[in-house]
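Engineer: Structure incoming, see below.
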Amino acid sequence: MWFFLAALLVLYFFRQWYLERQTVDNLTEKYVFITGCDSGFGNLLARQLDLKGMRVLAGCLTQKGAEELEKATSDRLKTTILDVTNTENVAAVTEWVKGCVGDKGLWGIVNNAGIGAPMSPNEWLTKEDFMKVINVNLLGLIDVTLQMLSLVRRARGRVVNMASVMGRLSCFGGGYCPAKYGVEAFSDSLRQEMQSFGVRVSIIEPGAFHTTIMRDIEDGFEDIWTGVPSDIKMQYGQQFFEIFQRQMTEIVQSGSKNLYLVTDCIEHALTSFHPRTRYSAGWDAKLFYIPVSYLPTSIADYILTRNCPKPAQAM
Numbered sequence: 404m405w406f407f408l409a410a411l412l413v414l415y416f417f418r419q420w421y422l423e424r425q426t427v428d429n430l431t432e433k434y435v436f437i438t439g440c441d442s443g444f445g446n447l448l449a450r451q452l453d454l455k456g457m458r459v460l461a462g463c464l465t466q467k468g469a470e471e472l473e474k475a476t477s478d479r480l481k482t483t484i485l486d487v488t489n490t491e492n493v494a495a496v497t498e499w500v501k502g503c504v505g506d507k508g509l510w511g512i513v514n515n516a517g518i519g520a521p522m523s524p525n526e527w528l529t530k531e532d533f534m535k536v537i538n539v540n541l542l543g544l545i546d547v548t549l550q551m552l553s554l555v556r557r558a559r560g561r562v563v564n565m566a567s568v569m570g571r572l573s574c575f576g577g578g579y580c581p582a583k584y585g586v587e588a589f590s591d592s593l594r595q596e597m598q599s600f601g602v603r604v605s606i607i608e609p610g611a612f613h614t615t616i617m618r619d620i621e622d623g624f625e626d627i628w629t630g631v632p633s634d635i636k637m638q639y640g641q642q643f644f645e646i647f648q649r650q651m652t653e654i655v656q657s658g659s660k661n662l663y664l665v666t667d668c669i670e671h672a673l674t675s676f677h678p679r680t681r682y683s684a685g686w687d688a689k690l691f692y693i694p695v696s697y698l699p700t701s702i703a704d705y706i707l708t709r710n711c712p713k714p715a716q717a718m
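Quick note, the sequence shown lines up with residues 404 to 718 if you use the working numbering.
Written as structure tokens, this is what we have:
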């Protein structure tokens, strides 16, 4: 009996391995649009796909980022300036993409643009702090997807959305976790709707990686504390802030520097004939965050908060 079950498992995983190794044809003729290509995952992915011969259309927030990426890549790669929070800019870039891809359509959208700061205990922040992150990480992602979706449908292509393990397990206050939960929900509903059109939707769920997002969170933490109202500061105390800041610094410094763990997942989602629905990138995602997300809430809460500092006026 156990031997039979083990054999079935082996056959199942071998089948998955075999199917996932099959790649789509004519990759050198396929166009992929990537947001957030100034640095980090987006920049590395753009260069990685360019080396594979794909036709990369890279959205950069700054002219400097666009120029540096063009210098590091082939003539196939084209850049444009994109602020995903500006609907008029997104519409203009969509028209630019239409002109680039022509009748072939757009094989892939990679919604990578994102920010992390401000991130802190929720009570230290304002509605505007939340909206700053949500406008980029969720609403900007939705805007780009909806405006370019008809181009992807024409090519029966792929939508790859950058979520996070923080979209499965909320560990910090601020707009980052709510935005990533929203990315998960939007991607799930979009995947169900697009199945009939032959469009595949994949979600990337990285753990902690050493990127500009993580460094910005660390750098902005003291500015957040400075702006906290005095009565709330008294509730938490200076010691809470110092311990919390130190823990955040440790998380940032412990992040993996191997960004290929993420970009390889995105490449697979774009090039495999059988892409996955979800990709967990990084050992912390695979062995800690994702497993903990399936635990009963009380147990997950204990694991996540057991080493957190206590406010000065805690019960």
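Every residue, glycine too, gets a C-beta built ideally from N, C-alpha and C.
1) What residue from M534, I635 and Q598 has the CA that sits closest to D578's CA?
2) Between the C-alpha atoms of I607 and A672, what's the straight-line distance to the nearest angstrom?
3) For the stretch 498-586, which segments carrying the beta strand (DSSP E) assignment without a break, of at least 3 residues, lie completely within its bounds, in sequence order?
4) Check whether the stretch 423-436 and the stretch 450-463 touch, using three or more Cβ-Cβ pairs below 8 Å as the test.
5) Would you kindly work out how many angstroms separate the C-alpha atoms of A475 and R571, rounded to a whole number?
6) Under the assumption that D546 contacts V513 (Cβ atoms under 8 Å), give the Cβ distance between them as a whole number of angstroms.
7) Could you give the distance in angstroms between the alpha-carbon of A469 and the alpha-carbon of V435?
8) On the criterion of 16 or more Cβ atoms from any shown chain inside 10 Å, does P581 qualify as buried, or is it exposed?
9) Would you mind reading off the limits of the alpha helix (DSSP H) that contains Y705?
10) Unbroken alpha helix (DSSP H) runs of length 4 or more, entirely within the stretch 448-506: which are they?
11) Thinking G640 and P521 are a contact (beta carbons under 8 Å), I'd like their distance in whole angstroms, please.
12) Roughly how many angstroms separate the alpha carbons of M551 and Q650, rounded to a whole number?
13) Mapping DSSP to helix, strand and coil, what is R679?
14) Where does S605 sit, in a helix, a strand or coil, going by DSSP?
15) S599 and K583 - do their beta-carbons sit closer together than 7 Å?
16) Who are T426's beta bridge partners in DSSP?
17) Which residues share a DSSP beta bridge with V435?
18) Taking only three categories from DSSP, how would you classify A684?
19) Are the stretch 558-567 and the stretch 607-621 in contact at 8 Å, needing three or more beta carbon pairs?
20) Could you give the uninterrupted runs of the alpha helix (DSSP H) lying entirely in the stretch 596-672, keeping only those of 4 residues or more?
21) From what residue to what residue does the alpha helix (DSSP H) around P694 run?
22) Comparing the C-beta of T490 with each C-beta of chain C, is any distance below 7 Å?
23) Using 8 Å for Cβ pairs, my map puts T614 next to G505. What's the rounded Cβ distance?
24) Please classify N515 as buried or exposed, where buried requires at least 16 neighbouring CB atoms within 10 angstroms.
25) Under 7 Å between the Cβ atoms of L541 and V586?
26) Could you tell me the alpha carbon to alpha carbon distance between V655 and E645, rounded to whole angstroms?
27) Do you know how far the Cα of M637 is from the Cα of G502?
28) Rounded to the nearest angstrom, what separates G601 and R561 at their Cα positions?
29) Cα separation between T482 and A717?
Structural biologist: On the basis of the supplied data:
1) For clarity, residue 578 is Gly in the given sequence; the question names Asp instead. Comparing Cα positions, the closest option is M534.
2) 9 Å
3) 511-514 and 561-565
4) yes
5) 35 Å
6) With 8 Å as the limit, D546 and V513 do not qualify as a contact, their Cβ atoms being about 15 Å apart.
7) 16 Å
8) buried
9) T700 to T708
10) 466-474 and 490-504
11) About 20 Å; that fails the 8 Å criterion.
12) 40 Å
13) coil
14) strand
15) no
16) S675
17) V459 and G511
18) strand
19) yes
20) 615-629, 633-639 and 641-657
21) I693 to S696
22) In the structure shown, chain C cannot be found, because there is only a single protein chain.
23) Going by Cβ atoms, the distance from T614 to G505 rounds to 34 Å, so no, they are not a contact pair.
24) buried
25) yes
26) 15 Å
27) 57 Å
28) 9 Å
29) 51 Å
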